[in-house]
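For the sequence shown, the positions run 1 to 208 when the UniProt record's numbering is used. Where is the CB? At the ideal position from N, CA and C, for every residue including glycine. Everything below concerns the one structure shown next.
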Amino acid sequence: MAAPPKSKLPPIPTSERPTFAGPESPESPFPIRVSGPIIKGFGRGSSSLGIPTANIPIAGLDVGGNSSLESGVYYGYAAVPKGTGAGKPEGTGEAEVWDMCMSVGWNPFYQNERRSVEVHIIHKFPKNFYGAPLKILVLGFIRPEYDYKSLEALIDDINFDVTVTENSLKREAYAKLRSDEWLRRVDDVDMSLKDEEPRPKESEDEKL
1 MAAPPKSKLP PIPTSERPTF AGPESPESPF PIRVSGPIIK GFGRGSSSLG IPTANIPIAG
61 LDVGGNSSLE SGVYYGYAAV PKGTGAGKPE GTGEAEVWDM CMSVGWNPFY QNERRSVEVH
121 IIHKFPKNFY GAPLKILVLG FIRPEYDYKS LEALIDDINF DVTVTENSLK REAYAKLRSD
181 EWLRRVDDVD MSLKDEEPRP KESEDEKL
């Protein structure tokens with residue numbers, strides 16, 4: 001199926017948005033399972049936004065048949081190799097799980113020409129881990145993709161998305177999915193997935 005079109009929606013002020021998203025427990029089509037190798041993005045997450053992301057190829061949406069997933073911001077859990085949080089992946093295939101919010105779309109503020117999958121894992125990692133496997137358990141939808149007029153407005157909304165994510169995942173039905181069996185191991189991720197074309201080279205200090 002064709003990818004959804006670029007958004008021209010103006011942002012809704014955070015003062016008018018709820019601080020959590022979704023019903024008391026996940027409802028169809030959630031949970032959605034997405035996975036792929038972590039690739040280099042556009043180099044904006046840390047340098048311009050102060051909000052690092054772990055990106056996977058857009059082909060990662062095809063895992064489970066999600067290529068037509070609506071553009072927007074989602075919340076759920078991300079699984080990375082055990083030890084990554086301390087900067088020392090163990091290579092055992094076991095995973096550690098963190099809260100995450102995920103942007104799928106065109107990023108109209110930056111006038112991207114193709115869709116991307118950008119995952120903000122809510123944890124401070126000591127260094128990047130490009131090439132590592134990543135699993136994403138998507139549990140709910142926060143908002144559609146907006147067309148921002150300023151960098152500050154974009155940053156404010158991303159930070160609010162983090163607040164919504166944390167609040168939403170505290171609910172019992174969501175919290176118990178942190179232990180989802182599928183998330184426990186990352187050695188079955190299809191590491192052959194590739195991005196559609198090379199990304200711009202990032203600065204050396206770009207970190208996840």
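Residues bridged to residue i (per DSSP)
| i | result |
| --- | --- |
| I58 | Looking at the DSSP assignment, I58 forms no beta bridge with any residue, so it has no partner. |
| F141 | Y74 |
| D99 | Y77 |
| K194 | Looking at the DSSP assignment, K194 forms no beta bridge with any residue, so it has no partner. |
DSSP-derived helix/strand/coil call for residue i
| i | result |
| --- | --- |
| E204 | Interpretation of E204 is limited by its pLDDT of 37, a score under 50 that renders its predicted location unreliable; the figure taken from the coordinates is listed afterwards. Reduced to three states, the DSSP call for E204 is coil. |
| R178 | helix |
| E24 | coil |
| R114 | coil |
| S35 | strand |
| A173 | helix |
| I121 | strand |
| E90 | coil |
| R17 | coil |
| V104 | strand |
| L183 | helix |
| I136 | strand |
| L154 | helix |
| N159 | helix |
| T165 | helix |
| T84 | helix |
Contact set for residue i: own chain, Cβ-Cβ below 8 angstroms, skip 5 residues either direction
| i | result |
| --- | --- |
| N159 | I51 |
| T14 | D156, D157 and F160 |
| P57 | G36, P37, I39, V117, L193, K194, D195 and E196 |
| N167 | T19 and F20 |
Cβ-based neighbour list, residue i, same chain, cut-off 7 angstroms, excluding 5 preceding and 5 following
| i | result |
| --- | --- |
| A153 | P11 |
| residue 229 | Residue 229 lies beyond the residue range present for the chain, which begins at 1 and ends at 208; the question has no answer from this structure. |
| L169 | Y75, D99 and A175 |
| S103 | V73 and E118 |
Same chain, Cβ closer than 6 angstroms to residue i, five either side skipped, listed in chain order
| i | result |
| --- | --- |
| N107 | none |
| Y146 | L9 and P11 |
| D190 | none |
| P126 | G87 |
| P89 | P81 and G83 |
Cβ distance (whole Å) where residue i is taken to contact residue j below 8 angstroms
| i | j | result |
| --- | --- | --- |
| T92 | I122 | Not quite, the Cβ-Cβ distance comes to about 23 angstroms (not below 8 angstroms), so this is no contact. |
| T19 | H120 | Actually they are not in contact, since the Cβ atoms of T19 and H120 sit about 17 angstroms apart, beyond 8 angstroms. |
| L76 | V138 | In the sequence as presented, Leu is not what sits at residue 76; that position holds Gly. Their Cβ separation, rounded to whole angstroms, is 4 angstroms, which keeps G76 and V138 in contact under 8 angstroms. |
C-beta neighbour in chain B for residue i, strict 9 angstroms
| i | result |
| --- | --- |
| W182 | Protein chains in the displayed structure number just one, and chain B is not present. |
Q) Within the chosen definition, does the region 184-197 reach the region 80-99 through at least 3 CB pairs nearer than 8 angstroms? A) yes
Q: Check whether the region 157-176 touches the region 23-41, counting contact only when three or more Cβ pairs, one atom from each stretch, lie closer than 8 angstroms.
A: The region 157-176, when compared against the region 23-41, does touch it at the 8 angstroms Cβ threshold.
Q: Count the C-beta pairs between the region 62-71 and the region 119-130 that are closer than 8 angstroms, then say yes if the count reaches three, no if not.
A: With a cut-off of 8 angstroms, the region 119-130 and the region 62-71 do not count as touching, because too few Cβ pairs lie within range.
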